[in-house]
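Notes to accompany the following structure.
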Amino acid sequence: MNLAFDPDQPASATDALQVEMVRRASDGEVIEVRPWIQTQTEGQIHALRPQLRQSAGDPPFTCFSCGHPVILKKHALGGHFFAHKEKSAAERANCQYQEDRHLSLKELDRMRYQGQREGARHRRTKELIRRIVASDSRFTEPVIEQTWRTFDEGWRKPDVATSWAGLPVVFEAQVSNTYPAVVAERTAFYRSQGAILIWVFDQLPDEHWRTLHADTFCANQQHLFLVDEECARASEDAGEALFSVYRLRPTLDIHHSEEDGYTTLVPYQQEEHDLVPFASLRLDPEAQTASLFDAQEEKRRVDHIALCSRVQAEQVSWTVLEEDIRAIIQRKGAIPYETVRSWAALVCAIEASRLWCPVGTRYPNPVSVLNLIHDSHPAFFGHLIHTLQRLHLDPAERRTGAWKKRVEDFHAGRYKGGPIPPQHGGSAALLAWLYPK
Ligand SMILES: [Zn+2]
Numbered sequence: 023m024n025l026a027f028d029p030d031q032p033a034s035a036t037d038a039l040q041v042e043m044v045r046r047a048s049d050g051e052v053i054e055v056r057p058w059i060q061t062q063t064e065g066q067i068h069a070l071r072p073q074l075r076q077s078a079g080d081p082p083f084t085c086f087s088c089g090h091p092v093i094l095k096k097h098a099l100g101g102h103f104f105a106h107k108e109k110s111a112a113e114r115a116n117c118q119y120q121e122d123r124h125l126s127l128k129e130l131d132r133m134r135y136q137g138q139r140e141g142a143r144h145r146r147t148k149e150l151i152r153r154i155v156a157s158d159s160r161f162t163e164p165v166i167e168q169t170w171r172t173f174d175e176g177w178r179k180p181d182v183a184t185s186w187a188g189l190p191v192v193f194e195a196q197v198s199n200t201y202p203a204v205v206a207e208r209t210a211f212y213r214s215q216g217a218i219l220i221w222v223f224d225q226l227p228d229e230h231w232r233t234l235h236a237d238t239f240c241a242n243q244q245h246l247f248l249v250d251e252e253c254a255r256a257s258e259d260a261g262e263a264l265f266s267v268y269r270l271r272p273t274l275d276i277h278h279s280e281e282d283g284y285t286t287l288v289p290y291q292q293e294e295h296d297l298v299p300f301a302s303l304r305l306d307p308e309a310q311t312a313s314l315f316d317a318q319e320e321k322r323r324v325d326h327i328a329l330c331s332r333v334q335a336e337q338v339s340w341t342v343l344e345e346d347i348r349a350i351i352q353r354k355g356a357i358p359y360e361t362v363r364s365w366a367a368l369v370c371a372i373e374a375s376r377l378w379c380p381v382g383t384r385y386p387n388p389v390s391v392l393n394l395i396h397d398s399h400p401a402f403f404g405h406l407i408h409t410l411q412r413l414h415l416d417p418a419e420r421r422t423g424a425w426k427k428r429v430e431d432f433h434a435g436r437y438k439g440g441p442i443p444p445q446h447g448g449s450a451a452l453l454a455w456l457y458p459k
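For the sequence shown, position 271 (counting from the first letter as 1) is numbered 293 according to my numbering, and the numbering increases by one without interruption.
Okay, structure coming up:
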């Protein structure tokens, strides 16, 4: 019997293809379109067509060259082919596969080779993540590409899904330039599920970061997750999950000006890259971050400290610092000149002790900065002693001379031969913010 439409007929591709290679979102495989279509039936292709057109944020197939969503089209003579959902997006991305562009056989071969390599890299990365998760008994048994279904939000297939202390954790291997909208959509999806999504790369980009690396890095508090064989083996040896994490931590550098002789502090971003136990990360499913520190908060702190050093060195007006303090503690009323200057001197003294250099001054040594608080800012002397103690910045064996005597006097309840002057109460909250535990 001859059917008008037979869904079991093998599908065929058109002679000329528009997008010759596509990436399947569910498992990250890079697929060569012509041989793949021939493995499908007419019924399978026709079932897939509306899915590709309807999917908004998380397209099931994307173009291998430009990463934009593709849809299936059918030629009048019956052959199927993939085309960009939005032609203009592919043009903007300078996609290799465009109607008016004819790739040479050599170029096609090169793309095919890249595709096979990427598919292999994706499989390898997933396996490394699985091994790392499996090494740590605090994770539940990792499941690979199992469908994650919800009633109203459709379904996804996370590369590796597990949970940590009751929190569902999903890892996605990232070896290619996934369309940024896909990243955003998946992040939103897992957030709505109360799960945390962590993107994992298989190598640190060299000098040229792609958009996706930069997006992922900035969205995750300047932390980028990487895995390799060494990291998987270290996890298995240690019996705990270790990820190779590249990060930039806002910090301070010491600057000595030859011109005016002052030592000040300058903010900069310090590169850190080592194996980090998963257990040491702060997981925030609402913000979708897994990090050792909050990059924005750290930046705010180092900028404030740098400003204090420049105000102390009189390179910046004290009113700039006054505004900064008011913004931090959300205070409307003005802060007196004396208090602002004393605050700057206190921060410089704490930093002088931490970095062991004469911050904010032209003094030859850091102890002079500490003594300055004792002599000129009595209402902040107690704050200095207590903060140094809390941060373990003033070990008893390092104390000498006048400073040693002054600390001992303070602990005995004496200051310049009399009682200890009342301490400035308003600084406590600011100190707790600037130097958290
Ligand atoms: Zn494309």
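Cβ coordinates follow ideal geometry from the N, Cα and C atoms, glycine included.
Separation of E319 and L270 (C-alpha to C-alpha, rounded to the nearest whole angstrom) is 13 Å. Residue pairing from DSSP places T84 in a beta bridge opposite R45, P91. Residue state for P388 is assigned as helix, using DSSP reduced to three classes. Three or more beta-carbon pairs separated by less than 8 Å link the segment 362-374 to the segment 329-343, which places the two stretches in contact. For T209, there is no enclosing beta strand (DSSP E); the residue is part of the alpha helix (DSSP H) that begins and ends at 202-214. For D306, the pairing in a beta bridge is given by DSSP as T311.
Ranked by Cα distance from V389, the first of S398, A371, F402, H399 is A371. Within its own chain, the residues whose Cβ lies closer than 8 Å to the Cβ of C253, once the five positions on either side in sequence are excluded, are L150, I154, L264, F265, S266, L297, listed in chain order.
In the three-state scheme derived from DSSP, where H, G and I count as helix and E and B as strand, L246 is classed as strand. I67 carries a helical assignment under DSSP once its states are collapsed to helix, strand and coil.
In terms of CA proximity to R353, S449 leads the group T147, L392, S449, D30. Taking G216 as the centre and dropping the five residues before and after it, the same chain places the C-beta of P190, P307 closer than 7 Å to its C-beta, in chain order. The three-state secondary structure of I218, taken from DSSP, is strand. Here P81 is buried: its Cβ has 16 or more other Cβ atoms, across all protein chains shown, within 10 Å. In this chain, the alpha helix (DSSP H) harbouring W58 covers 55-61.
Under the criterion of beta carbons closer than 8 Å, D158 and E251 do not qualify as touching, at roughly 17 Å.
Considered as a whole, the segment 347-410 harbours 359-377, 388-398 as its complete alpha helix (DSSP H) runs of no fewer than 4 residues, in chain order. Scanning the segment 108-179 for uninterrupted beta strand (DSSP E) segments of 3 residues or longer gives 170-172, 176-178, listed from N- to C-terminal end. Taking a cut-off of 8 Å for Cβ pairs, the segment 423-438 and the segment 380-388 do not touch, as fewer than three such pairs fall below it.
Contact check for R428 against H396 passes: the beta carbons are separated by less than 9 Å.
Considering only E163, T147, Q136, V41, the residue with the shortest C-alpha distance to Q196 is T147. When the Cα atoms are used, Q76 and K107 turn out to be separated by approximately 11 Å. If the five residues before and after Q168 are omitted, its C-beta is found closer than 8 Å to the C-beta atoms of K179, P180, A183, all from its own chain and listed in chain order. Between T61 and I53, the alpha-carbon positions lie close to 12 Å from each other.
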